[in-house]
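2 protein chains.
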Amino acid sequence: VRSSPTPELGDLARIVGPSNVLTDADVRAGYETDWTRRFRGCASAVVRPTTTEQTAAVVAWCSERGLAVVPQGGNTGLVAGGVPCGLSEGAVVLSLQRLQRLDAVDPLAAQVTAGAGVPLAVLQAHAGATGLDFGVDLAARDTATVGGMVATNAGGVRVLRHGAMRAQVVGVEAVFADGSVVSRLQGLVKDNTGYDLTGLLVGSEGTLGIVTAARLRLVPRLPDRLVVLVAIGSVEEALGVTARLRSSVDGLDAVEAVFGDGLSLVQRQLGLPSPFTASVDEAAVVLLVEWAGRGEPPAALLDVLDPYPSAAATEPAARAALWAYREGMADAIARVGIPHKLDVTLAPGRLAEFIRSVPDTIESVAPGAKAHLFGHLGDGNIHVNVTGAPVDDDSLDDAVLRLVAELGGSISAEHGIGRAKARWLHLTRSPEEIRAFRAIKTALDPNGILNPGVLFA
Amino acid sequence: VRSSPTPELGDLARIVGPSNVLTDADVRAGYETDWTRRFRGCASAVVRPTTTEQTAAVVAWCSERGLAVVPQGGNTGLVAGGVPCGLSEGAVVLSLQRLQRLDAVDPLAAQVTAGAGVPLAVLQAHAGATGLDFGVDLAARDTATVGGMVATNAGGVRVLRHGAMRAQVVGVEAVFADGSVVSRLQGLVKDNTGYDLTGLLVGSEGTLGIVTAARLRLVPRLPDRLVVLVAIGSVEEALGVTARLRSSVDGLDAVEAVFGDGLSLVQRQLGLPSPFTASVDEAAVVLLVEWAGRGEPPAALLDVLDPYPSAAATEPAARAALWAYREGMADAIARVGIPHKLDVTLAPGRLAEFIRSVPDTIESVAPGAKAHLFGHLGDGNIHVNVTGAPVDDDSLDDAVLRLVAELGGSISAEHGIGRAKARWLHLTRSPEEIRAFRAIKTALDPNGILNPGVLFA
Chain A
7 VRSSPTPELG DLARIVGPSN VLTDADVRAG YETDWTRRFR GCASAVVRPT
57 TTEQTAAVVA WCSERGLAVV PQGGNTGLVA GGVPCGLSEG AVVLSLQRLQ
107 RLDAVDPLAA QVTAGAGVPL AVLQAHAGAT GLDFGVDLAA RDTATVGGMV
157 ATNAGGVRVL RHGAMRAQVV GVEAVFADGS VVSRLQGLVK DNTGYDLTGL
207 LVGSEGTLGI VTAARLRLVP RLPDRLVVLV AIGSVEEALG VTARLRSSVD
257 GLDAVEAVFG DGLSLVQRQL GLPSPFTASV DEAAVVLLVE WAGRGEPPAA
307 LLDVLDPYPS AAATEPAARA ALWAYREGMA DAIARVGIPH KLDVTLAPGR
357 LAEFIRSVPD TIESVAPGAK AHLFGHLGDG NIHVNVTGAP VDDDSLDDAV
407 LRLVAELGGS ISAEHGIGRA KARWLHLTRS PEEIRAFRAI KTALDPNGIL
457 NPGVLFA
Chain B
7 VRSSPTPELG DLARIVGPSN VLTDADVRAG YETDWTRRFR GCASAVVRPT
57 TTEQTAAVVA WCSERGLAVV PQGGNTGLVA GGVPCGLSEG AVVLSLQRLQ
107 RLDAVDPLAA QVTAGAGVPL AVLQAHAGAT GLDFGVDLAA RDTATVGGMV
157 ATNAGGVRVL RHGAMRAQVV GVEAVFADGS VVSRLQGLVK DNTGYDLTGL
207 LVGSEGTLGI VTAARLRLVP RLPDRLVVLV AIGSVEEALG VTARLRSSVD
257 GLDAVEAVFG DGLSLVQRQL GLPSPFTASV DEAAVVLLVE WAGRGEPPAA
307 LLDVLDPYPS AAATEPAARA ALWAYREGMA DAIARVGIPH KLDVTLAPGR
357 LAEFIRSVPD TIESVAPGAK AHLFGHLGDG NIHVNVTGAP VDDDSLDDAV
407 LRLVAELGGS ISAEHGIGRA KARWLHLTRS PEEIRAFRAI KTALDPNGIL
457 NPGVLFA
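If you're matching them up, the sequences are chains A and B in order.
Under the working numbering, the first residue of the first sequence is numbered 7, with each subsequent residue one higher.
Under the working numbering, the first residue of the second sequence is numbered 7, with each subsequent residue one higher.
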């Protein structure tokens, strides 16, 4: 791979302009390394189109030459889905960050069309200016882009109420592997005319088509919020509380959880006081419950939580202070050591068993390692972070993911498969399912130029 | 086609039992004619499996022989998606009504697994017994089955709040064209491990796989309801009211509409009094708004509707009496004549233009014919029923669907494409989209045995 444009790459410069074909090694580096810094490779060039037409022309050009294309959004993914490494070494990285289309909000439809490169925070502010809100929120909001979030079916803390990205996407504009373009941006909520191409592209991690824009539904912006932190004695009881909240409380935004001694860890590492006024001993789970609506929170919420030690807040600063115990987990863990990060879903009925079993599973392959568990209890989505184990030893990940699979869970709740988890896909998907995936992949990308190495190892 | 079992069909009898291979013409007839009675054909046999294994064995048997298979649920579809006619003449009709699996409701997950043959009303009662509810409701609830509703992504009157079937389906069990089985019934709400096969099968109208069971999310059963009927002077104003309701009222279940003189038609044909105490002249739209929640309806709802003549009800019988003006439309129209039934979606911004234009469009191809318009205004989904035009003349349908396409709409909001609309698919889907559909179809059903003639004419 050369570090200066070859005559061939000059074709790309004619499509996107010379300043948008990056070949200098130093400039490429930021696009070649993933957010975790665990995965890096080498790109032939980084190409930065500004429009769908340019994107299509670049893909067509690559297609004619059989060149691999790695689409990249804000590069905040955790599974190496957007960097050129392994099977995509030497690919053209297609950075979509300059696709900055952002139409006026359609107030009649409560929808907006946004280009792939629009950061989530910009989308949120744009919706907010018209009294609406976007249904997905996550910590990487300033960097994560609409395109990347669509391609990975991003989740976050409000899936319980609004669903993940797939539930927000009314339609997409996308470029297929041959450079042809499909566009379904009219905002048709009910549309039973053929296969759900839009839903299929969402979460396909850039392997079936490259999303250049999305028509997104917006949700009402709710003025009143209540956050309650509660300490609960067992995982089973926390699951019961969660189910009762879901069936009796309208307007739940989030039910999050920190397990075991996670709360102490956050307090210790981040220098936070106990959130509870009463002394709380041996809580197996600290739940964070958020309600959003208009006016007073429903009495049922307080009724369900009444038996437990709790702390509550309605004002923004006080709510943020309670959220810090949950959102501080990743930071607190990072201060203990470089973690193995696993992101799994269990059905609620299997979750307690998983949480009981995971420490032994980890101990058996990495003696002395420590599991930190937290996540989105309302969705069954648990983040398993493990410190004190060798960083490059995959046997730990392997053991935990096998446990998840044995319990009928998903080995990737919201991060996707990318390149990092491709070798484990078979744990959670049957040969028949993987055969269907491959058939669909071959149907839409017969030469396999789109994001090779992602999903299929 | 013979009317008694051939030696070959004896193989099927060994799979499902002799009494579940129907070859007698009289017995077959009910499965060979669609609900509208417009479409009928002739099946080699009607086969009624009881389990997924039997279904898979039947499909494998047909696959080996290159025999077409037409899956059928409750046979309440309106687009000839489940009957053997045209390209599927002589096919094996696979009636899934005996797939009656219905697991206990999982209260922790608020989910249930139901076989393809379970009627919607049975599912609703089953969920109701545990204090939960199913998110989709429609008039054919006693006959429509889970499998058919999944296969057609059925909609109904509560899409505004809960989404259509695709939003309810957490996972499916399905039989592919070669008789292989995939199953994703664990109830994993967050699961980013490969392509969204579940979502792809939903709405694929039996052309990619045969859904034998589904894992379904349930929603809380809400005790309090308010229905308000309001008369509004223009379509534009009704759309503005709908948008204001959506952005300011939590808990909207439905925003339905009857346009023009539809209200008078229902009153006249069904012998109903005016719903309004005040005299209402020249309402362009009568909106039916339903709120569901706990306790008092929000003040914002009444504030938004306050300027308009209205009638409101909270008690079940009184609510049903108001719904009768909307739900009575189909019946009232049927008393005027046999209608052409079209089911389309327009983006809210194009809806007023469509409603203004459609009478002229109809007059130009069917002079003297009469358009009756009603539907789900909250979703942009309008049912266009036309009486006074020759029943078998497709030029009327053609003209209206072309108008929809010109305005960027969908030619099938909730009914699907089936065989009846296959020749118009190109109006609403680009060559690139249809090429992708065909590629996916070929990938999953290379010999084209699943429901030939559906989607692709």
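Just so it is clear, CB atoms sit at the ideal spot from N, CA and C, and this is done for glycine as well.
Because the structure is a prediction, the values reported are computed rather than measured.
Cβ-Cβ distance between residue 159 (chain B) and residue 146 (chain B) below 8 angstroms: Reading the second sequence from its first residue, position 153 is the one you call residue 159 (chain B). Reading the second sequence from its first residue, position 140 is the one you call residue 146 (chain B). No, Cβ-Cβ distance for residue 159 (chain B) and residue 146 (chain B) is not below 8 angstroms.
CB contact check: residue 159 (chain A) to chain B, cutoff 8 angstroms: As a first step, residue 159 (chain A) must be located in the first sequence, where it is residue number 153. Yes, residue 159 (chain A) lies at the interface with chain B (some Cβ there is under 8 angstroms from its Cβ).
Host alpha helix (DSSP H) of residue 33 (chain A) (start-end): One-based indexing of the first sequence puts residue 33 (chain A) at position 27. 31–38 is the extent of the alpha helix (DSSP H) around residue 33 (chain A).
Assigned secondary structure, residue 61 (chain B) (DSSP; H/G/I helix, E/B strand, else coil): If you number the second sequence from 1, residue 61 (chain B) lands on position 55. Residue 61 (chain B) falls in the helix class under three-state DSSP.
The region 382–397 of chain A contacting the region 188–197 of chain B, beta-carbon criterion three pairs below 8 angstroms: yes
Residues, ordered as in the chain, of the region 402–426 of chain A that lie near chain B by beta-carbon distance below 8 angstroms: 414, 415, 416, 417, 418, 419, 420, 421, 422 and 423
Minimum Cβ-Cβ distance from residue 434 (chain A) to chain B less than 8 angstroms: As a position in the first sequence, residue 434 (chain A) is number 428, starting the count at 1. Yes, residue 434 (chain A) lies at the interface with chain B (some Cβ there is under 8 angstroms from its Cβ).
Nearest neighbour of residue 68 (chain B), chosen from B:305, B:16 and B:203 [CA to CA]: If you number the second sequence from 1, residue 68 (chain B) lands on position 62. Residue B:16 is the option with its Cα nearest to residue 68 (chain B).
Contact check, residue 319 (chain A) vs residue 259 (chain A), beta carbons under 8 angstroms: Within the first sequence, numbered from 1, the residue matching residue 319 (chain A) stands at position 313. Within the first sequence, numbered from 1, the residue matching residue 259 (chain A) stands at position 253. Not a contact, by the Cβ cut-off of 8 angstroms.
Contact set between the region 196–224 of chain B and chain A, restricted to residues whose Cβ is under 8 angstroms from the partner: 196, 197, 198, 199, 200, 201, 202, 203, 205, 206, 208, 209, 210 and 214
Which of helix, strand or coil DSSP assigns to residue 291 (chain A): One-based indexing of the first sequence puts residue 291 (chain A) at position 285. If DSSP states are grouped into helix, strand and coil, residue 291 (chain A) belongs with the strands.
Three-pair Cβ contact test at 8 angstroms for the region 92–111 of chain A versus the region 55–70 of chain A: yes
Closer than 8 angstroms to chain B by CB, residue 453 (chain A): Taking the first residue of the first sequence as 1, we reach residue 453 (chain A) at position 447. Not closer than 8 angstroms to any Cβ of chain B, the Cβ of residue 453 (chain A) fails to qualify, so no.
Residue 37 (chain B) versus residue 119 (chain B): straight-line alpha-carbon distance, rounded: The sequence position of residue 37 (chain B) within the second sequence is 31, counting from 1. The sequence position of residue 119 (chain B) within the second sequence is 113, counting from 1. Straight-line Cα distance between these residues: approximately 26 angstroms.
Of the residues B:286, B:139 and B:304, the one placed nearest residue 223 (chain B), counting alpha carbons only: Position 217 of the second sequence, counted from the start, is the residue given in the question as residue 223 (chain B). Checking every option, the nearest Cα to that of residue 223 (chain B) belongs to B:139.
Residue closest to residue 293 (chain A), alpha-carbon to alpha-carbon, out of A:329, A:275, A:228 and A:355: Taking the first residue of the first sequence as 1, we reach residue 293 (chain A) at position 287. The shortest C-alpha separation from residue 293 (chain A) is found at A:329.
Enclosing beta strand (DSSP E) for residue 349 (chain B) [first to last residue]: Position 343 of the second sequence, counting from 1, holds the residue named residue 349 (chain B). 346–351 is the extent of the beta strand (DSSP E) around residue 349 (chain B).
Interface partners of residue 165 (chain B) on chain A, CB under 7 angstroms: For the purposes of this step, residue 165 (chain B) is taken as the residue at position 159 of the second sequence. In chain order: 196.
Neighbour flag for residue 7 (chain B) against chain A, beta carbons, 8 angstroms: Sequence index remark: in the second sequence, residue 7 (chain B) carries index 1 (1-based). Its pLDDT being 33, under 50, residue 7 (chain B) is placed unreliably by the model, and nothing is read from it.
Sheet register partners of residue 394 (chain B) (DSSP bridge): Here residue 394 (chain B) corresponds to residue number 388 of the second sequence, with the count starting at 1. Residue 394 (chain B) is not bridged to any residue.
Terminal residues of the beta strand (DSSP E) in which residue 316 (chain B) lies: Reading the second sequence from its first residue, position 310 is the one you call residue 316 (chain B). From DSSP, the beta strand (DSSP E) with residue 316 (chain B) extends over 316–319.
Under 8 angstroms between C-beta atoms of residue 290 (chain B) and residue 241 (chain B): Against the second sequence, residue 290 (chain B) aligns to sequence position 284. Against the second sequence, residue 241 (chain B) aligns to sequence position 235. Going by C-beta atoms, residue 290 (chain B) is nearer than 8 angstroms to residue 241 (chain B).
CB of residue 448 (chain B) within 8 angstroms of CB of residue 411 (chain B), strictly: Locating residue 448 (chain B) in the second sequence gives position 442, where the first residue counts as 1. Locating residue 411 (chain B) in the second sequence gives position 405, where the first residue counts as 1. Contact flag unset, no.
Distance CB(residue 362 (chain B))-CB(residue 413 (chain B)) smaller than 8 angstroms: Your numbering for residue 362 (chain B) matches position 356 in the second sequence. Your numbering for residue 413 (chain B) matches position 407 in the second sequence. No. Outside cutoff.
Contacts of residue 186 (chain B) in chain A (Cβ-Cβ under 8 angstroms): In the second sequence, residue 186 (chain B) corresponds to position 180, counting from 1. Within chain A, the residues near residue 186 (chain B) are 438 and 441.
Burial state of residue 213 (chain A) (16 or more Cβ within 10 Å): Counting from 1 along the first sequence, the entry for residue 213 (chain A) is found at position 207. Under this definition residue 213 (chain A) is a buried residue.
Limits of the unbroken beta strand (DSSP E) element including residue 330 (chain B): In the second sequence, the residue the question calls residue 330 (chain B) occupies position 324. Looking at the DSSP string, residue 330 (chain B) is not in any beta strand (DSSP E); the run it does join, the alpha helix (DSSP H), is 322–333.
Rounded C-alpha distance that separates residue 48 (chain A) from residue 180 (chain B): Numbered from its first residue, the first sequence carries residue 48 (chain A) at position 42. Numbered from its first residue, the second sequence carries residue 180 (chain B) at position 174. Computed Cα separation, rounded: 42 angstroms.
Contact between the region 341–355 of chain B and the region 388–398 of chain B (3+ Cβ pairs under 8 angstroms): yes
Neighbouring residues, chain B, relative to residue 113 (chain A) (Cβ below 7 angstroms): One-based indexing of the first sequence puts residue 113 (chain A) at position 107. Those are 249, listed as they occur along chain B.
Selected residue, minimal CA-CA separation from residue 423 (chain B), among A:431, A:400, A:336 and A:202: Position 417 of the second sequence, counted from the start, is the residue given in the question as residue 423 (chain B). The residue with the shortest Cα to Cα distance from residue 423 (chain B) is A:202.
Span of the alpha helix (DSSP H) around residue 100 (chain A): Position 94 of the first sequence, counted from the start, is the residue given in the question as residue 100 (chain A). Per DSSP, residue 100 (chain A) belongs to no alpha helix (DSSP H); it is in the beta strand (DSSP E), 98–101.
With 16 other Cβ atoms within 10 Å as the buried cut-off, status of residue 10 (chain B): Residue 10 (chain B) sits at position 4 when you count from the first residue of the second sequence. Any reading at residue 10 (chain B) must be qualified, since the residue scores a pLDDT of 43, below 50, and its modelled position is unreliable; no value is offered.
Cβ-based contacts, 7 angstroms cut-off: residues of the region 382–399 of chain A near chain B: 385, 386 and 387
Residue 300 (chain B) and residue 256 (chain A) closer than 8 angstroms at C-beta: As a first step, residue 300 (chain B) is located in the second sequence; it is residue number 294 there, counting from the start. As a first step, residue 256 (chain A) is located in the first sequence; it is residue number 250 there, counting from the start. In contact: residue 300 (chain B) and residue 256 (chain A) (Cβ atoms closer than 8 angstroms).
Interface residues of chain B facing residue 182 (chain A) [CB-CB closer than 8 angstroms]: The residue labelled residue 182 (chain A) in the question sits at position 176 within the first sequence. The contacting residues are 438 and 442.
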